[in-house]
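>
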Amino acid sequence: MKTVALIAVAALLIGSQAAQAKSKNLCEINLQEIDQNLTMAKATLGEPLKTKIEEQHQQALSAQKAGDIKGCIASSTKALHLLKGPGGSGAGGSSGSGSGN
129 MKTVALIAVA ALLIGSQAAQ AKSKNLCEIN LQEIDQNLTM AKATLGEPLK
179 TKIEEQHQQA LSAQKAGDIK GCIASSTKAL HLLKGPGGSG AGGSSGSGSG
229 N
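The opening residue of the sequence shown carries number 129 in this note's numbering; numbering runs sequentially from there.
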C-alpha cells in the first residue's frame with residue numbers, strides 16, 4: 129500500500145513540474161513573438177495602441193523576472209491580442225479575423 133501511495137505522489141509531482149514547464153515555455157514563446165511583431169509593427173502602430181502594447185510587454189517581462197509565470201502569460205497574451213487585433217500588425221488592416229488563437 130505504501131508503494132502505491134509513493135507512486136501516486138511521484139506521479140503528481142512529475143505532472144505539476146511538467147505543467148509548470150509548459151507554462152514557462154508559453155511565457156517565453158509569447159515574449160519572443162511580441163519582440164518579433166513589435167519590432168516590425170512600431171512604425172505602423174498608432175497611439176494609444178502602441179503604448180498599451182508596450183505596457184503589457186513590460187508587465188510580462190517584470191512578471192517573468194519575478195517568477196510570476198501566470199502573470200507573464202496573462203500580460204503577454206494581452207499584448208499579443210492587441211498586436212494581432214483590429215489595427216494591429218497581424219490584422220492586415222481588416223476588421224479582425226475572430227480566429228481566437
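Backbone N, C-alpha and C define an ideal beta-carbon position, used for all residues, glycine too.
Remember, predicted model here, so these are calculated numbers, not experimental data.
Tell me whether S217 sits in a helix, a strand or coil according to DSSP, three-state version.
In this predicted model, S217 has a pLDDT of only 48, less than 50, meaning its place in the structure is not dependable; the value taken from the coordinates is given anyway. S217: helix per DSSP, three-state reduction.
> Considering only the beta carbon of each residue, do A191 and G199 sit closer than 8 Å?
A contact, by the Cβ cut-off of 8 Å.
> Do L159 and K180 have their C-beta atoms closer together than 8 Å?
Not closer than 8 Å, so no.
> From Q184 to I201, what distance separates their C-alpha atoms?
Rounded to the nearest angstrom, the two C-alpha atoms are 10 Å apart.
> Which residue marks the beginning of the alpha helix (DSSP H) containing L210, and which one marks its end?
Counting along the chain, the alpha helix (DSSP H) containing L210 begins and ends at I197 to K212.
> Going by C-alpha distance, which of K193, D196 and L166 is nearest E182?
When each option's Cα is compared against that of E182, the closest is L166.
> Less than 7 Å between C-beta atoms, sequence neighbours within five positions excluded: which residues of the same chain meet that for E161?
Excluding residues within five positions, the ones whose Cβ falls inside 7 Å are L208.
> Can you give me the C-alpha to C-alpha distance between Q164 and L154, rounded to a whole angstrom?
Whole-angstrom Cα-Cα distance: 15 Å.
> For L173, report the span of its alpha helix (DSSP H) as first-last.
Looking at the DSSP string, L173 is not in any alpha helix (DSSP H), and its letter there is neither H nor E.
> Please report the straight-line C-alpha distance between L173 and Q186, rounded to a whole angstrom.
So the alpha carbons of these two residues sit roughly 17 Å apart.
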